[in-house]
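Start counting at 1 in the sequence shown, then tack on 222, and there's your number in our numbering. For each residue, glycine too, the CB sits at the ideal point set by N, CA and C. See structure below.
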Amino acid sequence: MSSHGTIIPMTSHKCGPLSGVAEVPGDKSISHRALIFGALAVGETKITGLLEGEDVLDTAKAMRAFGAEVTQHGPGEWSVHGVGVGGFAEPENVIDCGNSGTGVRLIMGVMATQPITATFTGDASLNKRPMGRITDPVALFGAASYGREGGRLPMTIVGAANPTPATYTVPMPSAQVKSAVLLAGLNAPGQTVVIEKEATRDHTERMLAGFGAEVSVEETEEGRVITLTGQPELKPQEIAVPRDPSSAAFPVCAAVIVPGSEITVPGVSLNSTRNGLYTTLVEMGADIAFENAREEGGEPVADLRVKHAPLKGVEVPPERAASMIDEYPILSVVASFAEGKTTMRGVKELRVKESDRIDAMARGLEANGIITEEDEDTLIVHGMGAGGVPGGGTCQSHLDHRIAMSFMCLGMAANNPVSVDDGSPIATSFPVFEPLMTQLGAKVVRDEI
Ligand code: S3P
């Protein structure tokens, strides 16, 4: 069950060809950042195309609790009256970030260098996830944190009253950690330097520069070195949130595996820190045309025309992991319909997402007759070819939206229906998943409890 609702068991039945246009919602990463950075600017930031999923709505509530004025004007249309860098008020109550790792980690980073105390919590999934990856670096700025064993939420952060800037090498490929450190650096005088060995999604760097912060990025032998000058005055922006490539992945992959399909997914971001799935699908033999390449909301985008095609298994190199980290669950579904095995290496970060995604996918695929192998850092799926996937299993979504949507896509092309115990987490990132997929021709139904 998502933190906002009741359990929704769902089943996906084999369907005919998918066709039509899939207009997926706004990007989750950019939506969180638009609200948070808007709250740190002086004046009114206007946002269009905001993702109105539960994760982002929880961030909107949190920004209000820290003193920003956040208003919805129409579908996807929002404004944020910010309080300025260092201007957060102390929240009166516990901040509940629901299912959202991005929300809680970025907000902890921001408040860690302000003279306020805040306590954070989340749903059963978020409260299991590691927060030491944030509390370790924010301690360098002078913040103190008190959480549950293993650095878990609920957790209280006492922000540094006199923060000092820090230099930090991010130990794992994580845009959330990189972003939290940069956001802590915003209210520290002088330069904060973040080094990432592998490039991760770069929305924070791009958007902070757009809001007027001084941010430089240098590619060095050590990795990407990002330098931020603290205590800027952020200027309010007009932000058009582009569509989410991680949500687009579901209709795209469904069309790739359902015979006879042909769909268009307009405005998909091809930002090189996000587009690893599309590279992999093309290597597998997917028929994807990238049309009308252009820029939208500061991101390179194209309209994707996707047709069903026979697929072959591939080796996905570990260096591609960061650019498709959220897409491995749906890729493992696509791999089930390929000829031969698909090996995904360098994916151990999947174990600390909304669920242990290696385990959740392996168990769910096995329940549907697909052979998998795994180790700490690897997932292997033995493809059964188009038409060869038995299906017929019930999978657990483990409070993880991407696991639930992946298994619903599996059911669209498997020989027997595929069920998930709880599809309610889908609302965290893709609230219109069911109507959108139904309109394309999918048969996804809610089961009686
Ligand atoms: C995100 C970063 C990634 C990704 C998440 C969104 C972000 O998490 O999985 O869905 O917006 O910064 P990690 O930083 O844990 O890799």
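Exercise. Is the distance from the Cβ of residue 436 to the Cβ of residue 458 below 8 Å?
Worked result: One-based indexing of the sequence shown puts residue 436 at position 214. One-based indexing of the sequence shown puts residue 458 at position 236. Not a contact, by the Cβ cut-off of 8 Å.
For this session: Helix, strand or coil for residue 361, going by three-state DSSP, please let me know.
Result: On the sequence shown, position 139 is the one that residue 361 refers to. Correct three-state label for residue 361: helix.
Exercise. Any chance the CB of residue 552 is under 7 Å from a heavy atom of ligand 1?
Worked result: Within the sequence shown, residue 552 is the residue found at index 330, counting from 1. Outside the cutoff, so no.
Exercise. Whole alpha helix (DSSP H) runs in the segment 369-428 with 4 or more residues, listed along the chain?
Worked result: 397-408
For this session: Would you check whether ligand 1 has a heavy atom nearer than 7 Å to the C-beta of residue 575?
Result: In the sequence shown, the residue the question calls residue 575 occupies position 353. Result yes, Cβ under 7 Å from ligand 1.
Exercise. At what residues does the alpha helix (DSSP H) containing residue 310 begin and finish?
Worked result: Numbered from 1 along the sequence shown, position 88 holds the residue referred to as residue 310. Per DSSP, residue 310 belongs to no alpha helix (DSSP H) and is neither H nor E.
Exercise. What's the gap between the Cα of residue 298 and the Cα of residue 427?
Worked result: Here residue 298 corresponds to residue number 76 of the sequence shown, with the count starting at 1. Here residue 427 corresponds to residue number 205 of the sequence shown, with the count starting at 1. Each residue's alpha carbon lies about 23 Å from the other.
Exercise. Using a Cβ-Cβ cut-off of 8 Å (strictly less than) and excluding sequence neighbours within five positions of residue 573, which residues of its own chain qualify?
Worked result: Numbered from its first residue, the sequence shown carries residue 573 at position 351. Closer than 8 Å at the Cβ level, and outside the excluded window around residue 573, lie 579, 580, 581, 598.
Exercise. How about residue 399: is its Cβ closer than 7 Å to a heavy atom in ligand 1?
Worked result: Along the sequence shown, one-based indexing puts residue 399 at 177. Yes, the beta carbon of residue 399 sits closer than 7 Å to at least one heavy atom of ligand 1.
Problem set entry | Exposed unless 16 or more other CB atoms sit within 10 angstroms - verdict on residue 281 | Within the sequence shown, residue 281 is the residue found at index 59, counting from 1. When all chains shown are included, residue 281 counts as buried.
Problem set entry | Segment limits, beta strand (DSSP E) that includes residue 304 | Indexing the sequence shown from 1 puts residue 304 at position 82. 299-305 is the span of the beta strand (DSSP E), which, as asked, contains residue 304.
For this session: Identify every residue that forms a DSSP beta bridge with residue 235.
Result: The residue given as residue 235 occupies position 13 in the sequence shown. According to DSSP, residue 235 bridges with 665.
For this session: In the DSSP assignment, find the beta strand (DSSP E) that holds residue 526 and state where it starts and stops.
Result: Taking the sequence shown and counting its residues from 1, one reaches residue 526 at position 304. Unbroken beta strand (DSSP E) run through residue 526: 521-529.
For this session: Could you tell me which residues DSSP puts in a beta bridge with residue 670?
Result: The residue labelled residue 670 in the question sits at position 448 within the sequence shown. The partner list for residue 670 (beta bridge, DSSP) is empty, contrary to what the question assumes.
Exercise. Looking only at its own chain, which residues have a Cβ that is under 6 Å from the Cβ of residue 565, when we skip the five neighbours before and after it?
Worked result: In the sequence shown, residue 565 corresponds to position 343, counting from 1. 537, 602, listed in sequence order.
For this session: Pick out the complete alpha helix (DSSP H) segments inside the segment 533-611, 4 residues or longer, and give them in chain order.
Result: 550-558, 579-589
Exercise. Heavy atom of ligand 1 less than 7 Å from the Cβ of residue 427, yes or no?
Worked result: By one-based count along the sequence shown, residue 427 stands at place 205. Residue 427: no, Cβ never under 7 Å from ligand 1.
For this session: Decide if residue 229 is buried, meaning its Cβ has at least 16 other Cβ atoms within 10 Å, or exposed.
Result: Along the sequence shown, read from residue 1 onward, the residue named residue 229 stands at position 7. Exposed.
Problem set entry | Beta-carbon gap between residue 555 and residue 631 smaller than 8 Å | In the sequence shown, residue 555 corresponds to position 333, counting from 1. In the sequence shown, residue 631 corresponds to position 409, counting from 1. For residue 555 and residue 631, yes; Cβs fall inside 8 Å.
Exercise. Is residue 623 helix, strand or coil by DSSP?
Worked result: As a working note, residue 623 is residue 401 in the sequence shown. In the structure shown, residue 623 sits in a helix (DSSP, three-state: H, G or I).
Exercise. If residue 329 sits next to residue 284, beta carbons under 8 Å apart, how far is it from one beta carbon to the other, in whole angstroms?
Worked result: By 1-based counting over the sequence shown, the position of residue 329 is 107. By 1-based counting over the sequence shown, the position of residue 284 is 62. Yes, they are in contact, since the Cβ atoms of residue 329 and residue 284 sit about 6 Å apart, within 8 Å.
Exercise. Are the segment 585-592 and the segment 660-667 touching by the rule of at least three beta carbon pairs closer than 8 Å?
Worked result: no
For this session: Determine the contact status of residue 467 and residue 446, defining contact as a CB-CB distance below 8 Å.
Result: Reading the sequence shown from its first residue, position 245 is the one you call residue 467. Reading the sequence shown from its first residue, position 224 is the one you call residue 446. Contact: no.
For this session: Quick one: residues in its chain with C-beta nearer than 7 Å to the C-beta of residue 514, no 5 flanking neighbours on either side, listed in chain order?
Result: Within the sequence shown, numbered from 1, the residue matching residue 514 stands at position 292. Excluding sequence neighbours, residue 514 sits near 524, 525.
Exercise. Are the segment 501-508 and the segment 607-614 in contact at 8 Å, needing three or more beta carbon pairs?
Worked result: no
Exercise. From which residue to which residue does the alpha helix (DSSP H) around residue 504 run?
Worked result: For the purposes of this step, residue 504 is identified with residue 282 of the sequence shown, where counting begins at 1. From DSSP, the alpha helix (DSSP H) with residue 504 extends over 498-506.
Exercise. In chain order, what residues of the same chain have a beta carbon less than 6 Å from the beta carbon of residue 492, not counting five sequence neighbours either side?
Worked result: Translated into the one-based positions of the sequence shown, residue 492 becomes position 270. Only 522, 524 meet the Cβ criterion.
For this session: On a CA-only basis, which of 396, 655, 332, 295 is nearest residue 382? Give me that one, please.
Result: As a position in the sequence shown, residue 382 is number 160, starting the count at 1. If we check each option's Cα against that of residue 382, 332 comes out closest.
Problem set entry | Span of the beta strand (DSSP E) around residue 265 | Position 43 of the sequence shown, counted from the start, is the residue given in the question as residue 265. 264-270 is the span of the beta strand (DSSP E), which, as asked, contains residue 265.
Exercise. Closer than 7 Å: is that where the CB of residue 438 sits relative to any heavy atom of ligand 1?
Worked result: Working through the sequence shown from its first residue, we reach residue 438 at position 216. Checking the Cβ of residue 438 against ligand 1 gives no.
Exercise. Going by C-alpha distance, which of 635, 575, 594 is nearest residue 353?
Worked result: Sequence index remark: in the sequence shown, residue 353 carries index 131 (1-based). Cα-wise, what sits closest to residue 353 is 575.
For this session: Could you please give me the residues that DSSP links to residue 617 through a beta bridge?
Result: Numbered from 1 along the sequence shown, position 395 holds the residue referred to as residue 617. 642, per the DSSP bridge assignment.
Problem set entry | residue 349 (DSSP reduced to helix, strand or coil) | Numbered from its first residue, the sequence shown carries residue 349 at position 127. In the structure shown, residue 349 sits in a helix (DSSP, three-state: H, G or I).
For this session: Using 7 Å as the cut-off, classify the Cβ of residue 567 as near or not near the heavy atoms of ligand 1, replying yes or no.
Result: Within the sequence shown, residue 567 is the residue found at index 345, counting from 1. Result no, Cβ not under 7 Å from ligand 1.
Problem set entry | Reduced DSSP secondary structure (H/G/I, E/B, other) of residue 366 | Start at 1 with the first residue of the sequence shown, and residue 366 comes out as number 144. In the structure shown, residue 366 sits in a strand (DSSP, three-state: E or B).
For this session: Please list, in chain order, all residues of the same chain as residue 374 whose beta carbon is under 8 Å from its beta carbon, the five residues on each side excluded.
Result: Here residue 374 corresponds to residue number 152 of the sequence shown, with the count starting at 1. Same-chain partners within the cutoff: 349, 350, 351, 352, 353.
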